[in-house]
Amino acid sequence: MALSAYDRVKLARGGKRPTGLDYIRNLFTNFYEFHGDRRFGDDPAIVGGIAYLRNQPVTVIAIEKGHSAKERAARNFGAPNPEGYRKALRLMKQAEKFGRPVICFVDTSGAFCGIGAEERGQGQAIAENLLELSTLCVPVISILIGEGGSGGALALALADRVWMLSNAVYSVISPEGCASILWKDAAQAETAAASLKLTAEDAKSLGIVEEILSEKDLGSQSFYDSLQERLCEEIRTLSMETELLEKRYERFRMIGKCRRRE
Amino acid sequence: MAFLNFLYKPKNELEQGGRTAAPVQQDQGEPEKICPNCRKSSPISQLWANQLTCACGYHFRMKARQRLPYLVDKHSFRELFTDITSGDPLLFPGYPGKLETAQTASGEQEAVLCGRAKISGQDCCLFFMEPTFMMGSMGSAVGERITRLFEYAAEQRLPVVGYTVSGGARMQEGLLSLMQMAKTSAAVKRHSDAGLLYITVLTDPTTGGVTASFAMEGDIILAEPGAMIGFAGARVIEQTTKKALPKGFQRAEFVLEHGFIDAIVPRSEQKQTIGCLLKMHNGGENHGSVRL
């Protein structure tokens with residue numbers, strides 16, 4: 001039987017999927033993790049550093065949710081604070097300086113909703129990432145590996161290529177949040193999930209992602225091998241692109257459907 | 263019990279025989295509005311004479327078009343992109359009805375008003391978000407209008423002045439709304455890289471996806487007194503963290519103290535301030551010349 005949109009949401013949230021660090025360990029070698037935003041602190045919900053993709057140095061940034069209950073708590077359940085986004089931006093600017101492509105793995109229910117997060121400018125941190133990513137002069141590929149929760153996910157996904165795992169979801173708001181705002185009833189999350197068009201197929205048909213990655217053998221060596229091959233191929237293509245920023249601008253410029261009034 | 267009257271203390275001004283409010287010129291039967299801050303009632307005409315602000319300093323919410331006469335030079339405003347409005351791209355339940363209600367209630371076709379005008383003789387592009395149109399939420403049409411405004415301003419080499427008020431991204435357009443944050447930010451960056459000035463004025467409330475994109479991307483970020491400015495909603499934060507929120511949380515004064523806005527400017531000073539800022543930037547363009 002086909003999975004409903006809400007089944008996908010539950011799958012995307014499930015604790016059994018590979019998380020950001022699993023991708024880093026299996027796709028790259030020589031990963032050096034770099035900590036801190038040089039402004040306030042180090043956010044454990046975002047992991048970043050440099051590594052080799054085969055023999056190509058790349059900058060890797062991943063939102064990490066953790067597997068065990070203990071890990072999840074330590075990673076703040078993959079809900080980044082402003083310092084996480086600022087660390088990511090610092091590493092992206094560094095990638096630009098040294099001409100390294102950037103690969104992001106996105107998996108978050110959303111940017112953290114907390115007092116400290118607001119005091120340290122959560123909105124400003126996300127806005128700045130969007131602003132800077134739009135003209136970052138190196139190829140950027142973002143892969144949604146689980147939950148793509150709103151602005152907190154987009155802050156690492158203003159990229160030349162955005163890919164999604166087949167059971168990942170990408171949404172402007174959680175289905176529960178949407179249902180409770182619109183219908184004052186979180187139990188209608190199922191209807192909301194279907195209406196929000198948050199599955200990988202939806203995102204592809206809306207022109208928001210280029211590619212859906214099959215979850216056949218998710219987490220196995222062959223899964224990582226073929227993903228590694230696809231990443232190498234795409235980075236080769238993007239590094240030959242002479243109008244990288246122009247095309248990135250157009251990629252997002254096209255998105256949106258309006259009605260033209262006479 | 264009349265003999266106990268000497269023990270009685272009046273509980274409020276009304277029991278004392280009423281408060282002595284300043285006399286105001288008022289039509290008989292003119293409607294009044296109660297200020298949610300000081301609880302005083304003022305006749306509408308008096309509030310309008312003060313640009314919809316109470317004597318206590320409280321700023322009432324203002325519709326986009328109502329700001330024009332207080333801000334731009336007479337007859338200088340030319341509206342742009344009026345042909346772009348919202349459709350129902352995801353066939354979201356109840357959305358067309360909501361759009362219709364919003365259009366009737368606000369008298370606007372969309373949640374943002376764009377145009378070009380002069381402020382104190384300075385040419386500029388302007389946008390004003392509309393609080394009575396689905397709380398200024400950003401869907402494809404808002405994103406498209408704002409993006410076009412920045413592209414137009416870059417082409418015409420004009421500064422942009424933008425008034426924000428928004429509940430965030432419009433969930434009825436799902437991912438398409440979310441992507442407007444990326445689209446508008448990229449347009450702001452191009453305008454900025456062309457050396458042009460962008461001033462934002464954050465008004466009550468500026469939240470969610472608008473805060474996390476073009477509201478916070480101004481070269482100069484101003485705010486109205488008391489405006490609620492934040493990313494996540496206060497109620498959501500309370501539920502998530504189960505902690506009491508600090509006093510004045512997410513108000514303009516709090517956000518100023520934390521270093522995220524440049525200044526709080528009351529409505530009565532906005533025209534003069536913005537006009538002066540535009541002038542100090544040579545009409546909003548970097549000429550890099552020293553004039554000593």
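Chains A and B are the protein sequences, given in the same order.
Numbering of the first sequence is given in my numbering, commencing with residue 1 and proceeding in unit increments.
Numbering of the second sequence is given in my numbering, commencing with residue 263 and proceeding in unit increments.
Beta carbons are placed, not taken as given, at the ideal position from N, Cα and C, and that holds for glycine.
Predicted model, so just to flag it, every value in this text is computed and none were measured.
Cβ-Cβ separation, P175/A to V9/A (assumed contact under 8 Å), whole Å: 6 Å
Whether K533/B touches Y332/B by CB criterion (8 Å): yes
Given that L443/B touches chain A, what residues does it touch there, using C-beta distances under 7 Å? Residue identity differs from the one stated: residue 443/B is Met in this sequence, not Leu. Ordered by position in chain A, the residues that pass the 7 Å Cβ test against M443/B are L130, G151, L154.
Under three-state DSSP, which class holds K445/B? The answer is helix: DSSP assigns K445/B an H, G or I state.
Using only alpha-carbon positions, find the residue among F34/A, I50/A, I46/A that is nearest to F28/A. Closest option to F28/A, Cα to Cα, is I50/A.
Taking the C-alpha atoms as reference points, what is the distance between A283/B and I296/B? Reliability of the predicted coordinates at A283/B is poor, the pLDDT of 47 falling under 50, and the value obtained from them is presented with this limitation in mind. Taking the straight line joining both Cα atoms gives about 14 Å.
Is the segment 133 to 140 of chain A close to the segment 407 to 420 of chain B, with three or more CB pairs under 8 Å? With a cut-off of 8 Å on Cβ pairs, the segment 133 to 140 of chain A is not in contact with the segment 407 to 420 of chain B, counting fewer than three such pairs.
On the DSSP bridge list, what partners appear for I408/B? Paired residue(s): none; I408/B is not in a bridge.
Per-residue contacts from L114/A into chain B (C-beta, under 7 Å): One point to set straight first is that residue 114/A is Gly, not Leu, in the sequence displayed. The answer, in chain order, is I499, T502, T503.
On the three-pair Cβ rule with 8 Å, is the segment 104 to 111 of chain A touching the segment 145 to 165 of chain A? yes
Within its chain, find whatever has a CB closer than 8 Å to the CB of L507/B; leave out the 5 residues flanking it on each side and keep chain order. Cβ within range, chain order: A496, I499, E500.
Counting C-beta neighbours from all protein chains within 10 Å, is the total for K197/A 16 or more, i.e. buried, or is it exposed? Classification of K197/A: buried, given that the 10 Å Cβ count is 16 or more.
Alpha carbon to alpha carbon, how far is R54/A from E229/A? Give it in angstroms, no decimals. 9 Å
How long is the line joining the alpha carbons of R72/A and G78/A, rounded to whole angstroms? 7 Å
Does Y52/A pass the burial test, meaning 16 or more other C-beta atoms within 10 Å, or should it be called exposed? exposed
For S221/B, the nearest candidate out of V423/B, T502/B, Q313/B, P305/B (CA to CA): Residue numbering for chain B in the displayed model covers 263 to 554; residue 221/B lies beyond these limits and cannot be assessed.
Under 8 Å, Cβ to Cβ, is there at least one residue of chain E near V172/A? In the structure shown, chain E does not exist; the protein chains are A and B.
Which of the three DSSP states is assigned to K265/A in this structure? In the structure as shown, chain A begins at 1 and stops at 262. Residue 265/A is therefore absent and cannot be evaluated.
Helix, strand or coil for Q124/A per DSSP? helix
Nearest to G121/A by CA position, among G20/A, I141/A, N81/A, is which residue? N81/A
Could you check what DSSP says for Q384/B in three-state terms: helix, strand or coil? strand
Cα-Cα separation between M397/B and A326/B, rounded to whole angstroms: 12 Å
Grouping DSSP H, G and I as helix and E and B as strand, with all else coil, what is G15/A? coil
Buried or exposed: T315/B, going by 16 or more other Cβ atoms within 10 Å of its Cβ? buried
Contact set between Y6/A and chain B, taken where Cβ atoms lie within less than 7 Å: Those do not exist, as Y6/A stays about 14 Å from chain B at its closest Cβ, beyond 7 Å.
Per DSSP, what are the beta-bridge partners of V162/A in this structure? In the DSSP output, where bridge partners are listed per residue, V162/A has S142/A.
Excluding the five sequence neighbours on either side, which residues of its own chain have a C-beta within less than 7 Å of the C-beta of G488/B, listed in chain order? Y320, H321, D466, R513, A514
Tell me the start and end of each unbroken alpha helix (DSSP H) in the segment 451 to 492 of chain B that is at least 4 residues and wholly inside, in chain order. 470 to 473
Taking F354/B as the query, report the chain A residues whose CB atoms sit under 7 Å from its CB, ordered along the chain. S195
How would you call C113/A, buried or exposed, if buried means at least 16 neighbouring beta carbons within 10 angstroms? buried
Give the range of the alpha helix (DSSP H) segment to which I181/A is assigned. 175 to 183
Those residues which DSSP pairs with F511/B across a bridge: Paired residues: none, contrary to the question.
Indicate the three-state DSSP secondary structure (helix, strand or coil) for A506/B in the structure shown. coil
Inter-residue spacing [alpha-carbon to alpha-carbon] between R340/B and V334/B: 11 Å
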